[in-house]
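Here's the structure, in structure tokens; my notes come after.
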Amino acid sequence: MTIIKINAITVPSDGGDELAQRFAARAGAVDDRPGFEGFELLKPTDDRLTWLVVTRWADEESFQAWLSSPSFAHGHRSEAPKEGEPAARPVGVNSELWSYTIAGGTGH
Numbered sequence: 005m006t007i008i009k010i011n012a013i014t015v016p017s018d019g020g021d022e023l024a025q026r027f028a029a030r031a032g033a034v035d036d037r038p039g040f041e042g043f044e045l046l047k048p049t050d051d052r053l054t055w056l057v058v059t060r061w062a063d064e065e066s067f068q069a070w071l072s073s074p075s076f077a078h079g080h081r082s083e084a085p086k087e088g089e090p091a092a093r094p095v096g097v098n099s100e101l102w103s104y105t106i107a108g109g110t111g112h
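The opening position of the sequence shown corresponds to residue 5 in my numbering, with each subsequent residue numbered one higher.
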């Protein structure tokens, strides 16, 4: 049964472009994980500051295996500062992880 994991990230109004760039730089990084079914980064189109990272997994075990993997740790570490530059600041100021299963809808 597919499970949906949504990371709701609160991003200051001036941080959205940086968040999108960071995700673009890692595009495809999770695609080869067992049980991974898809990913979307959703940008708000109104005055909300919450961006959504939506992933679909074959099951909870596949998601948990990714969370404990070196690739997850690598992708979520703080960037080491380059010589002469300040450390990259976190883009999000808060996040929540939501978990869902599909209860209805249409298959496209």
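Don't be surprised by glycine CBs; every beta carbon is placed ideally from N, CA and C.
* On the three-state DSSP scale, how would you describe Leu46? -> strand
* Cutoff 8 Å: Gln68 Cβ touching any chain D Cβ -> Among the chains of the structure shown, chain D does not appear; only one protein chain is present.
* **Asn98 to Ile13 span [Cα, whole Å]** => 6 Å
* Burial state of Trp102 (16 or more Cβ within 10 Å) -> With fewer than 16 Cβ atoms within 10 Å of its Cβ, Trp102 is classed as exposed.
* Arg37 by DSSP, collapsed to three states: which one? -> coil
* Asked: Can we say the region 15-26 touches the region 62-71, given the rule of at least three CB pairs closer than 8 Å?
  -> no
* Asked: Exposed or buried, which one is Leu71 when buried takes at least 16 other CB atoms within 10 Å?
  -> exposed
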